[in-house]
Amino acid sequence: MQLFIAVILGAVEGLTEFAPVSSTGHLILAADLLNFKGETAKTFEVIIQLGSIMAVVVLYWKRLWSLFGLYRNEPKTGPENLNLIHIIVAGIPAGILGFLLRDFIKNVLFSPQSVLIALVVGGILMIIAEKIAANRGGRGTKELSYAQAFVIGLFQCLSLWSGFSRSGSTIAGGIIAGVERKTAAEFSFILAVPMMIGASGLDFYKSLDFLSASDIPLFVVGFLTAFVVAMLAILFFMKLLRRYTLVPFAVYRFILAAVFALFIIF
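And the structure:
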């Protein structure tokens, strides 16, 4: 039964982590339905998040290596002028805020009611971003200035509110800052690597006392499932962004919020 739960939750994490629909909201719903709670469940969520982020590392390894000058030929993906300073500038706001407000975030912004509100507000932000893009004729730059990276970093702070969606906030922030949608999405994925490794690594360290050898099969299956599913989900999501805006994802968030509300009530 535990391995079945690992596959289900790993798949949920992989499917939703990089789509602008809130992986947290989906995991809370799925975990409650499966009655998977407690300290082991919290540690498991950290493990499968690391599985998802490893999918980005594998898919975008050339771009990541190029940030450190370890890959000579410029990868033909993501912002055309991306360098390590963009990542640092964009990561500073959420890094500082997340460190200072960590306990508040865990104790207040992870409640089901809070996630429900975040789903709706995040969806509204995505619609506003697309409205701004439409007023520009749908145009956006494929290069990224440091100022734009900082703006995206400010929007990433919203993702500290569980249910808001890190990819949703950063992609919407990029569009509002004048970045082309696909470029904003790929920068969002790359930016997620240090942010998620840092946050998940800290959570994992704090969870070491709750680990036991009997949990290893659960964690391994969850990690591998999230890794494989996230790779497929990222590739599929990037294809969708070539044809669609963020609006359908916003509508989906509203529907999920309605389901979430009914789930809380009943």
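With our numbering, you'll find the sequence shown wraps up at 1728, consecutive numbering, no jumps.
For every residue, glycine included, the Cβ atom is placed at its ideal position computed from N, Cα and C.
This one's a predicted model, so the numbers in the text were calculated from it and none came from an experiment.
query	result
Is the number of C-beta pairs between the region 1586 to 1597 and the region 1637 to 1647 that are closer than 8 Å three or more?	yes
Does the count of Cβ pairs from the region 1480 to 1488 and the region 1624 to 1631 closer than 8 Å reach three?	yes
Would you tell me roughly how many angstroms separate the C-alpha atoms of Val1655 and Ile1550, rounded to the nearest one?	12 Å
Under a Cβ-count criterion, where at least 16 other Cβ atoms within 10 Å of its own Cβ denotes burial, should Arg1525 be classed as buried or exposed?	buried
My output table needs one value for Val1749: the three-state DSSP class, helix, strand or coil.	The requested residue 1749 is not part of the displayed model; the chain covers only 1463 to 1728.
In the structure shown, what three-state DSSP assignment does Thr1478 receive?	helix
Among residues of its own chain, excluding the 5 on either side of Leu1571, which ones have a beta-carbon nearer than 6 Å to its beta-carbon?	Trp1623 and Ser1624
Mind checking which residues open and close the alpha helix (DSSP H) that includes Glu1507?	Glu1501 to Leu1521
Between Ile1509 and Ile1567, what straight-line distance do the alpha-carbon atoms span, to the nearest angstrom?	19 Å
Between Leu1546 and the rest of its own chain, which residues show a CB-CB distance below 8 Å, the 5 nearest in sequence each way excluded?	Leu1529 and Phe1530
Measure the CB-CB distance between Lys1604 and Glu1542 and report whether it falls below 8 Å.	yes
My guess is that Phe1651 and Tyr1522 are in contact by the Cβ rule of under 8 Å, so how many angstroms apart are they, rounded?	6 Å
Which class does Thr1645 belong to by DSSP, given the choice of helix, strand or coil?	helix
Since Leu1592 is in the alpha helix (DSSP H), which residue starts that stretch and which ends it?	Looking at the sequence itself, residue 1592 is Glu, so the reference to Leu does not match. Unbroken alpha helix (DSSP H) run through Glu1592: Pro1574 to Asn1597.
In the DSSP output, what is Thr1603 paired with across the bridge?	Val1641
Taking a contact to mean a Cβ-Cβ separation below 8 Å, would you say Leu1606 touches Leu1544 in this structure?	yes
Please name the residue in Gly1599, Val1683 and Met1657 whose C-alpha comes closest to that of Arg1643.	Gly1599
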